[in-house]
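Numbering of the sequence shown is given in UniProt numbering, commencing with residue 1 and proceeding in unit increments. Cβ atoms here follow ideal geometry from the backbone N, Cα and C, with glycine treated the same way. Each remark here refers to the structure printed beneath this line.
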Amino acid sequence: MNSIIKVENLVKKYRDFIAVDHVTFEIEEGSIFAFLGPNGAGKSTTIHTLCTILDKTSGTILIQGKDVSKQKEEIRQLIGVVFQDSTLDPKMTVEENLKMHGHFYDVPQKEMSKRIDMTLELVDLIGRKKSPIQSLSGGMKRRVEIARSLLHEPKILFLDEPTTGLDPQTRSKIWSYLTDLQKKKKLTIFFTTHYIEEAEISHKVAIMDNGRIIAFDSPKSLKKQYTKDQIYLTTMQQNSLERQLKLQEIPYRKLSNGYYKIEFEPIKGFLKWLQEHSNLYKDLEIRKGTLNDVFLEITGREMRG
Ligand SMILES: Nc1ncnc2c1ncn2[C@@H]1O[C@H](COP(=O)(O)OP(=O)(O)OP(=O)(O)O)[C@@H](O)[C@H]1O
């Protein structure tokens with residue numbers, strides 16, 4: 001694996017409180033990586049130490065072989081960041097905001113206009129180049145921030161909850177721009193999100209809890225390892241259904257909403273039973289395990305709440 005980020009035994013303390021507790025992981029160049037976990041798990045703290053915004057307490061962070069403690073400036077040129085709180089100047093136009101960033105990152109003057117147009121085209125906002133930021137919608141502002149973060153041609157894009165507060169349609173549009181970028185520019189994308197389903201597009205997911213990484217793999221492998229397909233049934237014949245399930249030693253749980261929940265792996269093995277006993281149930285729903293179920297299985301708690 002060609003790792004672009006290598007984190008080893010990362011610890012971040014705030015006084016005596018350990019916010020990040022001996023975290024170790026690697027991220028492959030050109031991949032999409034999602035960082036999940038409940039509030040206060042330590043995701044933002046980790047991302048901020050990787051982006052050189054926050055100093056770590058101990059451990060090693062290498063970004064393309066460069067040490068964040070010693071080579072901050074070089075690393076800043078390698079990364080683009082989009083954080084939750086907008087840092088765009090609302091009174092300035094889109095173009096002026098991008099130009100300011102370009103100067104800050106030493107984008108050569110003769111390349112500036114070309115790069116601004118190119119990045120705005122990537123997020124479909126070239127037509128709004130001359131618009132003041134304050135005239136744009138929330139989703140457009142986030143897209144301007146993404147364009148701005150790409151202006152100095154970074155190798156890695158860090159996004160801390162890039163879609164929080166946006167409507168589902170805008171969120172899906174932003175993800176389609178980001179996945180497109182990852183493919184076209186071979187960009188490595190590292191993001192945190194509260195919308196667990198957004199992590200499904202990533203190549204690897206790390207789930208963090210209480211400052212530690214408790215699971216790390218592809219969404220598919222995590223779900224395969226920790227979840228089972230779930231079948232939900234309703235019935236008019238409770239006694240007969242329960243008798244049959246018990247007879248076949250099929251584990252079930254009766255939920256407070258009247259549904260019977262059956263977890264079965266592999267689901268194929270249960271389909272025959274369902275066909276043969278179709279007279280015993282009314283509604284049938286099959287749900288695949290989610291990343292939230294993975295968290296629930298490992299910790300016994302919901303990821304949210
Ligand atoms: N500046 C600080 N001083 C003291 N404690 C802090 C500071 N920043 C964060 N913490 C604590 O460190 C822990 C991890 O916080 P962090 O913001 O990294 O979590 P998170 O996973 O990003 O949560 P969220 O999803 O809510 O953003 C929390 O318990 C938080 O209260």
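Spatially closest choice to residue i from the options, by CA coordinates
i: residue 215; options: 296, 198, 109, 175; result: 296
i: residue 143; options: 223, 93, 234, 178; result: 178
i: residue 211; options: 287, 294, 36, 41; result: 41
i: residue 45; options: 107, 228, 160; result: 160
i: residue 146; options: 130, 180, 135; result: 180
i: residue 66; options: 58, 75, 59; result: 75
i: residue 280; options: 93, 238, 3, 123; result: 238
i: residue 220; options: 203, 94, 209; result: 203
i: residue 29; options: 49, 186, 224, 235; result: 186
Residue i beta carbon near ligand 1 (any heavy atom closer than 7 Å)
i: residue 42; result: yes
i: residue 14; result: yes
i: residue 292; result: no
i: residue 138; result: no
i: residue 163; result: no
i: residue 45; result: yes
i: residue 17; result: yes
i: residue 37; result: yes
Buried or exposed by the 16-neighbour rule on C-beta atoms within 10 Å, applied to residue i
i: residue 104; result: exposed
i: residue 260; result: buried
i: residue 35; result: buried
i: residue 192; result: buried
i: residue 102; result: buried
i: residue 268; result: exposed
i: residue 251; result: exposed
i: residue 208; result: buried
i: residue 182; result: buried
Bounding residues of the beta strand (DSSP E) (the contiguous stretch that carries residue i)
i: residue 257; result: Looking at the DSSP string, residue 257 is not in any beta strand (DSSP E), and its letter there is neither H nor E.
i: residue 179; result: Run containing residue 179: none in the beta strand (DSSP E); it sits in the alpha helix (DSSP H), 168-185.
i: residue 20; result: 17-28
N- and C-terminal bounds of the alpha helix (DSSP H) containing residue i
i: residue 303; result: No alpha helix (DSSP H) contains residue 303, which DSSP labels as neither H nor E.
i: residue 217; result: No alpha helix (DSSP H) holds residue 217; the beta strand (DSSP E) holding it covers 212-217.
i: residue 72; result: 72-78
i: residue 208; result: Not the alpha helix (DSSP H): residue 208 falls in the beta strand (DSSP E), residues 204-209.
CB contact check: residue i to chain D, cutoff 8 Å
i: residue 271; result: Of the protein chains in this structure there is only one, and it is not chain D.
Identity of the residues DSSP links to residue i by a beta bridge
i: residue 230; result: 263, 287
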